[in-house]
Each structure stands twice: as structure tokens, then as C-alpha cells.
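Colleague: Residue numbers (my numbering): 10 to 282.
Where a beta carbon is used, it is the ideal one built from N, C-alpha and C, also for glycine.
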Amino acid sequence: MKVEELLIYGKAHCHSDFAKLLLADIIGKNPLELLTCLDLEVNEELSEKYKRAVEAIEKGTPLQYALGKVNFYGLEFNIDERVLIPRFETEELVENTVKYIHEFFTEPVDIIDLGCGSGVIGLTLEKKVSTNSVDLIDISEKALEVTHKNCGKLNSKANIIKSDMFSNVEKKYDVIISNPPYIRDDEEIEEIVKNNEPHLALYAGLDGLDCYRKILSKVKPHMKDRCLIAFEIGYLQKEAICKLIEQYLEDVKVICKKDLSGKDRMIFILKNM
10 MKVEELLIYG KAHCHSDFAK LLLADIIGKN PLELLTCLDL EVNEELSEKY KRAVEAIEKG
70 TPLQYALGKV NFYGLEFNID ERVLIPRFET EELVENTVKY IHEFFTEPVD IIDLGCGSGV
130 IGLTLEKKVS TNSVDLIDIS EKALEVTHKN CGKLNSKANI IKSDMFSNVE KKYDVIISNP
190 PYIRDDEEIE EIVKNNEPHL ALYAGLDGLD CYRKILSKVK PHMKDRCLIA FEIGYLQKEA
250 ICKLIEQYLE DVKVICKKDL SGKDRMIFIL KNM
């Protein structure tokens, strides 16, 4: 089939922008180039791949899963239904963490990414700062399969560990970072998220704080004398998480930062800084 025919098919089954992005990706073109190659013949294998992806989107599959990849902080990662789709807020968490590492540490540093999912946080930090080690932790074997692929894709030396947060971890770290599940069990969320993304990576108990409790109650033995803890949080969870920090840690500085939409989205805990 020709590019033009495939675009007509795609636009009949999903949003025009999605149809263009999918086709451009599958045939290895920039989306802006498509109009210059409408007569280009696309082989049967790629044509069928495109149709399957379009039909998946029509049935409610997120674009990122249909593509099988996502750009995060300038790096390309494989993703699928075994892991969450990375959000822009998580890029902001990484950006701020990079700034704090440069400001407060004499690199290289030891980093742990708790609940790593596809590995985007830990693997991005490995590329952006000087590290001794990066440990990628998740309780889900399926998620860690995706992490492993991304480690290979980025030629990473990170360690992949199956663990329920710190349960199988013994080391101490300079940087402890996590974007854990933080949605309440009874909280209403978008249908496309609820129906496609792994619930293990979304929900965290009656108040959405179970994972923060699990981390903060066990974190002390894993903090070096000088340590940064970085959390992504639900935008209404600031006060509750600050109370948990007071309960489990002393002599630390707590900084809450807003995302670009003005919502409380990040908490940074600084020890001896």
C-alpha cells in the first residue's frame, strides 16, 4: 500500500495526529515528511503492522503502547503494558534531582531507583550524572523484563534487583529516588489509564501512602551520611508525606517543589546538606 492509502486508513480508525505519528515511526520518517512521500510504497509487513497498531488505538490502547516506546528526557525507552507510561512530571523529578546531585555531591554517586518500572528514572540519571552504581528495584518480574531491555538498549551497567522496596537490598546510597504507586484504592482515574496500565504500579492502599510508609520506615540503614531522597507525589499528598517524614526521620531538610502546572509534585529530603 502507498503512504497515502495507509494514512486514509489510519485517520478512519483513530485521531489524525496518532495516525501520522504511527505511520512515520513505522516507516522511519519524520511526521513532517509524510506529505512529501504520499506515493511511497510500503511493504506488506509494515502495512499490516501499521494497521494492527491503528486498530489497537481504536480499541483504547494508549499511543505509547502502540508505538512500543517513549521519549523520556531525550532518551528512547521501550515500554508496553507491563509498565507505566512515563509522565512529564517524572521528567521534572529527574531534572531537579540532577540539579541537586551536581549541587550537593562530589560525584560519582550511588543511586537506587525504587519501583523502577521500565527503568526510566535510574537509567536517565546514569546518563546525566557520574555514578558508582545504579540499582533498579521493582517487585514485578514483568516490569523488570522491560527494565532489562532498556538496560541493553542504553548499554547500561545498572543492577536489576527484584525486591519489595528495600527487602532484598543491603547497600547504602547517596541518592534514593522513587516514583511509587500513590493512587488511593478507591480513587477515580482516567479510563484509558485504569484499563491499560498495571494496577500494581498505580494503587497504594486506602490513602495512597502505603509505598511512602514502606520506604520511609526502612530507609535509615540505606542512607549514607550525606543523602538525598527524591519522591514524586500525588498533588494533594504533600502534608501527609511531610508528616510521615517527621515520623521516621530526624535532622533532615525537606523541600517540596511544584510542577510546571503549579501543583505540588516533588519532595526532596536532604540529609547533612
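List the whole-angstrom C-beta distance separating N177 from N87, where the pair is believed to meet the contact cut-off of C-beta under 8 Å.
Modeller: Within the sequence shown, numbered from 1, the residue matching residue 177 stands at position 168. Within the sequence shown, numbered from 1, the residue matching residue 87 stands at position 78. 24 Å between Cβ atoms; not a contact.
Colleague: How many Å lie between V129 and T70 at the Cα?
Modeller: By 1-based counting over the sequence shown, the position of residue 129 is 120. By 1-based counting over the sequence shown, the position of residue 70 is 61. The straight-line gap from Cα to Cα measures roughly 21 Å.
Colleague: Inspect the beta-carbon positions of V155 and S127 and report whether they are closer than 9 Å.
Modeller: Locating residue 155 in the sequence shown gives position 146, where the first residue counts as 1. Locating residue 127 in the sequence shown gives position 118, where the first residue counts as 1. Closer than 9 Å, so yes.
Colleague: Quick one: grab the DSSP three-state call for C251.
Modeller: The count along the sequence shown starts at 1 and reaches residue 251 at position 242. If DSSP states are grouped into helix, strand and coil, C251 belongs with the helices.
Colleague: Reducing DSSP to helix, strand and coil, say where Y191 ends up.
Modeller: Working through the sequence shown from its first residue, we reach residue 191 at position 182. Here Y191 sits in coil by DSSP.
Colleague: Counting pairs of beta carbons, one from the segment 136-143 and one from the segment 95-115, are three or more of them closer than 8 Å?
Modeller: Contact holds: three or more Cβ-Cβ distances are below 8 Å.
Colleague: Quick one: using the 10 Å Cβ neighbour count with 16 as the cut-off for buried, is S25 buried or exposed?
Modeller: Position 16 of the sequence shown, counting from 1, holds the residue named residue 25. Its Cβ having fewer than 16 others within 10 Å, S25 is exposed.
Colleague: In whole angstroms, what is the alpha-carbon distance linking H231 and N52?
Modeller: Within the sequence shown, numbered from 1, the residue matching residue 231 stands at position 222. Within the sequence shown, numbered from 1, the residue matching residue 52 stands at position 43. Those two C-alpha atoms are separated by around 54 Å.
Colleague: Can you look up F27 in the DSSP assignment and give me helix, strand or coil?
Modeller: For the purposes of this step, residue 27 is taken as the residue at position 18 of the sequence shown. Of the three classes helix, strand and coil, the one that applies to F27 here is helix, per DSSP.
Colleague: So, for E100: in the same chain, excluding its five sequence neighbours on each side, which residues have a beta-carbon less than 8 Å away from its beta-carbon?
Modeller: Taking the sequence shown and counting its residues from 1, the one referred to as residue 100 is at position 91. Excluding positions up to five away in sequence, the list reads F81 and Y82.
Colleague: Per DSSP, what kind of secondary structure is N105 in: helix, strand or coil?
Modeller: On the sequence shown, position 96 is the one that residue 105 refers to. Residue state, collapsed to three classes: helix.
Colleague: To test your reading of the DSSP string, which unbroken beta strand (DSSP E) runs of 3 or more residues are found completely within the segment 121-189?
Modeller: Runs of the beta strand (DSSP E) inside the segment 121-189: 140-147, 168-171 and 182-187.
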